[in-house]
Amino acid sequence: MIGNEKTKIYFESLQKIVDKGFLKDFIYSQTFGVVIYPDGENRKNLYSDFIKQNNIPEDVIELMYRIYY
């Protein structure tokens with residue numbers, strides 16, 4: 001992949017999130033619960049555990065708002 005290493009890590013992390021079925025949880029966490037997702041509050045711990053177990057970097061949230069090239 002051409003580009004910044006942080007961009008590569010960001011997209012690999014997003015791919016893990018999507019592949020494991022946590023996309024809705026990711027969006028819910030990014031919008032601080034503003035998006036209507038009835039299971040969002042109930043799945044917070046499950047999502048948090050997934051993030052920790054899969055070594056998803058903390059800065060994925062931060063990288064959502066940056067563009068690397």
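The opening position of the sequence shown corresponds to residue 1 in UniProt numbering, with each subsequent residue numbered one higher. Cβ coordinates follow ideal geometry from the N, Cα and C atoms, glycine included.
- Pairwise C-beta distances place the stretch 37 to 44 in contact with the stretch 12 to 29, as three or more of them are shorter than 8 Å.
- Under the three-state reduction of DSSP, residue 17 is assigned to helix.
- For the pair residue 34 and residue 4, the Cα-to-Cα distance works out to about 31 Å.
- Cα atoms of residue 47 and residue 60: separation of roughly 14 Å, rounded to the nearest angstrom.
- When only Cα atoms are considered, residue 53 and residue 38 end up about 24 Å apart.
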